[in-house]
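For reference, each letter of the sequence shown is one residue, going 214 to 544 in the numbering used here.
Note that the Cβ used here is the ideal one computed from N, Cα and C, for glycine as well.
Reviewing the structure listed below.
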Amino acid sequence: MEKATAEPAAGFCPRCLGDLEPAGEACPGCGLAYVRRGGVVDTIGPRERERRAADVEAFYTANPFPGYAPGDDGPGLIDRSRRAPFLVALDRAVPPDGTLVDVGCGTGQLAAFLALAGPRRRVLGVDGCAESLACADGFRARARIGNLQLVRGDLFDLPLEEDRFDVVISRGVVHHTPDPDGAIDQVARRVAPGGVLVLGFYETWGRFLHASRRALGRATGRWIRALDPVLRRRDLSEDKKRIWIADQYEHPLEHILPLPRVVAHLEARGFRWVRSIPPAASGASLFEGAPKPSPAAMTAMRAGWLARGLGDPDAGLVVVVMRRGPARAST
Ligand SMILES: C[S@@+](CC[C@H](N)C(=O)[O-])C[C@H]1O[C@@H](n2cnc3c(N)ncnc32)[C@H](O)[C@@H]1O
Numbered sequence: 214m215e216k217a218t219a220e221p222a223a224g225f226c227p228r229c230l231g232d233l234e235p236a237g238e239a240c241p242g243c244g245l246a247y248v249r250r251g252g253v254v255d256t257i258g259p260r261e262r263e264r265r266a267a268d269v270e271a272f273y274t275a276n277p278f279p280g281y282a283p284g285d286d287g288p289g290l291i292d293r294s295r296r297a298p299f300l301v302a303l304d305r306a307v308p309p310d311g312t313l314v315d316v317g318c319g320t321g322q323l324a325a326f327l328a329l330a331g332p333r334r335r336v337l338g339v340d341g342c343a344e345s346l347a348c349a350d351g352f353r354a355r356a357r358i359g360n361l362q363l364v365r366g367d368l369f370d371l372p373l374e375e376d377r378f379d380v381v382i383s384r385g386v387v388h389h390t391p392d393p394d395g396a397i398d399q400v401a402r403r404v405a406p407g408g409v410l411v412l413g414f415y416e417t418w419g420r421f422l423h424a425s426r427r428a429l430g431r432a433t434g435r436w437i438r439a440l441d442p443v444l445r446r447r448d449l450s451e452d453k454k455r456i457w458i459a460d461q462y463e464h465p466l467e468h469i470l471p472l473p474r475v476v477a478h479l480e481a482r483g484f485r486w487v488r489s490i491p492p493a494a495s496g497a498s499l500f501e502g503a504p505k506p507s508p509a510a511m512t513a514m515r516a517g518w519l520a521r522g523l524g525d526p527d528a529g530l531v532v533v534v535m536r537r538g539p540a541r542a543s544t
């Protein structure tokens, strides 16, 4: 696996966003203590982690997600990302000089894309897995991305200021923690007043048929490639498919969350509905939504996700975009 080879830039502090020193062990501005690993600021260090967090880290150490293609470079990542409608819409919506964090950034592809596409943005990618971050750092150094700071930190002990970020993204993460509601609270607390939360999670109805497909695979002792649109793709390498199988079929910790409950949870914390994806944000900005769907319309939308079923390339991953009001409700 490729690691950072270029001399890492000193980078910036995840907590106060001030400049760090190249050989420092604490931020000169706010005192945050860290261990430097290449360009990664590690705020967990050698500390023993809670058992389930350690299991999840061990899983991603063996299967850093998402995988990079051999020889991936900056233009290649931009090109690939610009073929994904959600990423195009996200890039258009994030302010060109905004401050954003991707919590659970994995190998950092989304964070790297948003940093490359917006050189005036300040982008943080935080993850608990040292190996995934080492992949991210290798890419960051190769693509010479100066406005992306990679941070090893635990979602339940984030080294990030509250009420600070214009945009907080956390996609495919909270459902892999022991306490998804608590995890949602943690990411929501980092959003600045008026800022936006982009939260991706396995939705109960959207994930239903995948769960059946996985149960069938377990019962028969083999994953049924013909039933999975990702495994059927001819343009994907076997290595990417191996990582997909691990992530989708062999993960040690996974929850599914009903959309209405997630939305109600965030509304109680001062957020308001902007949109969900799917459906794709056609035309309008990703952060400019329509009115919140009525309960009946939400049920119809979820029924649509259920109907996508085995053809869904995201296997029931749904994204909600919610905007924080001027002041957060106390919780
Ligand atoms: C499925 S990957 C998603 C990666 C990326 N967000 C994406 O959309 O491709 C889940 C990531 O969440 C991270 N993660 C899970 N639990 C975490 C925790 N408690 N603290 C920090 N990161 C965590 C894992 O290390 C992993 O990289």
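At a cut-off of 7 Å, is residue i close to ligand 1 when judged by its beta-carbon and the heavy atoms of the ligand?
| i | result |
| --- | --- |
| L368 | yes |
| E270 | yes |
| V468 | According to the sequence shown, residue 468 is His rather than Val. Outside the cutoff, so no. |
| Y273 | yes |
| R384 | yes |
| F278 | yes |
| G317 | yes |
| C342 | yes |
| T390 | yes |
In the DSSP output, what is residue i paired with across the bridge?
| i | result |
| --- | --- |
| M535 | L410 and W486 |
| Y415 | L530 |
| D315 | G338 and I382 |
| F326 | According to DSSP, which records beta bridges pairwise, F326 is partnered with nothing at all. |
| V254 | R249 and V364 |
| L470 | E416 |
| F225 | D232 |
What do you get for residue i, buried or exposed, if any count of 16 or more other CB atoms within 10 angstroms of its CB means buried?
| i | result |
| --- | --- |
| T256 | buried |
| E234 | exposed |
| S383 | buried |
| I437 | exposed |
| R537 | buried |
| F225 | buried |
| L470 | buried |
| S294 | buried |
| P277 | buried |
| E416 | buried |
| R447 | exposed |
| L466 | exposed |
| P393 | buried |
Could you give the C-beta distance for residue i and residue j, rounded to a whole number, given that I count them as a contact under 8 Å?
| i | j | result |
| --- | --- | --- |
| R485 | A494 | Not confirmed; about 17 Å, so no contact. |
| F378 | Q399 | Contact doesn't hold; Cβ gap of about 13 Å is too wide. |
| P227 | G366 | 7 Å |
| V336 | L300 | Not confirmed; about 14 Å, so no contact. |
| P372 | L230 | Going by Cβ atoms, the distance from P372 to L230 rounds to 11 Å, so no, they are not a contact pair. |
Open item on the list: For the region 328 to 347 against the region 265 to 279, do three or more pairs of beta-carbon atoms, one drawn from each stretch, fall closer than 8 Å, so that the two count as touching?
Closed with: yes
Open item on the list: Contact between the region 277 to 286 and the region 301 to 311 is defined here as three or more beta-carbon pairs at a separation below 8 Å; is this criterion met?
Closed with: no
Task: Sufficient close CB pairs (3 or more, under 8 Å) joining the region 324 to 334 to the region 404 to 418 - done: no
Open item on the list: Would the region 327 to 336 count as touching the region 519 to 537 if we require 3 or more Cβ pairs under 8 Å?
Closed with: no
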